[in-house]
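Following: one structure in structure tokens, then a few remarks.
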Ligand SMILES: [Zn+2]
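Numbering (our numbering), first residue to last: 12 to 364.
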């Protein structure tokens with residue numbers, strides 16, 4: 012029979028006559044009398060204990076108080092206050108991540124196994140591709156395919172943190188591969204040092220489990236969206252618009268609205284049939300160069316990485332599952348974009364929530 016211990020992340024504290032158990036999303040508060048009983052149990056469970064014994068401990072301590080017994084049992088067994096003893100080994104490479112998975116699930120080992128079988132393609136190995144690839148590689152996924160034709164320029168070093176001065180003039184996909192392998196030599200990494208120029212070239216994605224686009228080509232996003240739908244491969248677009256970090260939606264074909272379901276909300280040259288007007292907009296935009304700074308690349312890349320890990324590991328519903336999300340870094344406004352209702356020409360779905 013498996014044995015359980017109090018999860019190492021379950022910190023406790025007291026404020027204004029309330030005892031707090033667990034911080035963050037699992038935080039709960041109790042009055043001091045009940046809190047003391049819980050602390051007694053949690054202290055005993057520093058030693059590995061079978062579930063049946065834990066049940067008895069609770070019954071003994073709370074025999075006259077059925078209501079508290081029920082409430083505490085619920086917290087102990089379903090709010091992830093415990094972790095299976097055999098899963099937590101402080102010395103193990105992925106032990107801290109498994110603690111994180113345990114906040115959401117009783118099966119951190121299964122989540123890790125799932126992730127360790129995944130192959131993810133990253134189109135665009137710049138600032139955001141750097142962040143997402145290193146988060147995925149160090150979390151122990153099986154395989155990455157990195158796609159980018161560009162050479163590293165000196166001006167990239169301000170934000171593309173996986174590259175070093177020695178990498179200037181090297182191909183981004185190749186340099187990123189080397190940099191990632193120094194951090195996790197067990198991940199298989201394929202590189203494709205070319206841009207995808209035609210729809211037929213998208214077939215290099217046919218064996219992957221998930222596609223990330225962190226490039227700035229609008230047409231490519233729509234081509235990959237169609238490819239994703241036809242081939243049943245989930246994908247996400249990640250980027251920034253000026254000082255807004257943007258990610259999502261994760262498109263899961265036949266389950267969620269696709270990227271095009273959101274696109275009519277974009278401020279774009281495509282939203283008019285007046286050709287002169289469109290041309291005027293294009294003329295002004297032709298001189299555009301996006302500003303880019305490390306922290307905003309990291310912000311978009313970090314949130315997207317977390318959502319990808321949650322999705323591929325089956326941990327929790329990713330925040331961007333049915334949303335395109337933007338964090339306005341000037342005022343920390345979080346903008347959730349919903350999909351447009353009505354039939355989409357790509358996924359032919361109505362609103363799915
Ligand atoms: Zn759609």
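Every residue, glycine too, gets a C-beta built ideally from N, C-alpha and C.
Neighbour-count burial assignment, residue i, 16 or more Cβ in a 10 Å radius
i	result
residue 121	exposed
residue 346	exposed
residue 183	buried
residue 343	exposed
residue 139	buried
residue 34	exposed
residue 239	buried
residue 334	buried
residue 268	buried
residue 297	exposed
residue 26	exposed
residue 170	buried
residue 256	buried
residue 274	buried
residue 75	exposed
residue 145	buried
residue 167	buried
residue 293	exposed
residue 24	exposed
residue 137	buried
residue 320	buried
Three-way DSSP call (helix, strand, coil) for residue i in this model
i	result
residue 74	coil
residue 83	helix
residue 203	strand
residue 351	coil
residue 249	strand
residue 222	strand
residue 180	coil
residue 90	coil
residue 6	Missing from the structure shown is residue 6; the chain here goes from 12 to 364 and no further.
residue 324	helix
residue 119	helix
residue 112	helix
residue 100	coil
residue 39	strand
residue 59	coil
residue 51	helix
residue 15	strand
residue 212	helix
residue 95	strand
residue 356	coil
residue 228	coil
residue 313	helix
residue 238	helix
residue 285	coil
residue 233	helix
residue 10	This structure cannot speak to residue 10, because the chain is shown only from 12 to 364.
residue 193	coil
Whole-Å CB distance - residue i paired with residue j, under 8 Å assumed
i	j	result
residue 205	residue 160	5 Å
residue 142	residue 316	7 Å
residue 226	residue 135	3 Å
residue 91	residue 39	That belief does not hold up - the Cβ atoms of residue 91 and residue 39 are roughly 11 Å apart, past 8 Å.
residue 198	residue 191	7 Å
residue 223	residue 247	6 Å
residue 151	residue 127	5 Å
residue 213	residue 235	7 Å
residue 323	residue 125	7 Å
residue 15	residue 95	6 Å
residue 163	residue 180	7 Å
residue 55	residue 69	Wrong, their Cβ atoms sit about 10 Å apart, outside the cutoff.
residue 73	residue 83	7 Å
residue 289	residue 356	So it is not a contact: roughly 20 Å between Cβ atoms.
residue 308	residue 251	7 Å
residue 203	residue 133	The pair is not a contact, with the Cβ atoms about 10 Å apart (cut-off 8 Å).
residue 358	residue 260	Not a contact, Cβ separation roughly 11 Å.
residue 7	residue 98	There is simply no residue 7 to check, as the chain begins at 12 and stops at 364 in what is shown.
residue 155	residue 200	5 Å
Residues that residue i bridges to, as DSSP identifies them
i	result
residue 255	252, 339
residue 345	338
residue 34	DSSP, once it has assigned bridges, lists no residue as partnering residue 34.
residue 149	BP columns for residue 149 are empty, so no partner.
residue 130	154
residue 24	31
residue 262	246
residue 162	182
(message) Closer than 5 Å between the C-beta and any heavy atom of ligand 1: which residues qualify, listed along the chain?
(response) 269, 271, 272, 355, 357, 358
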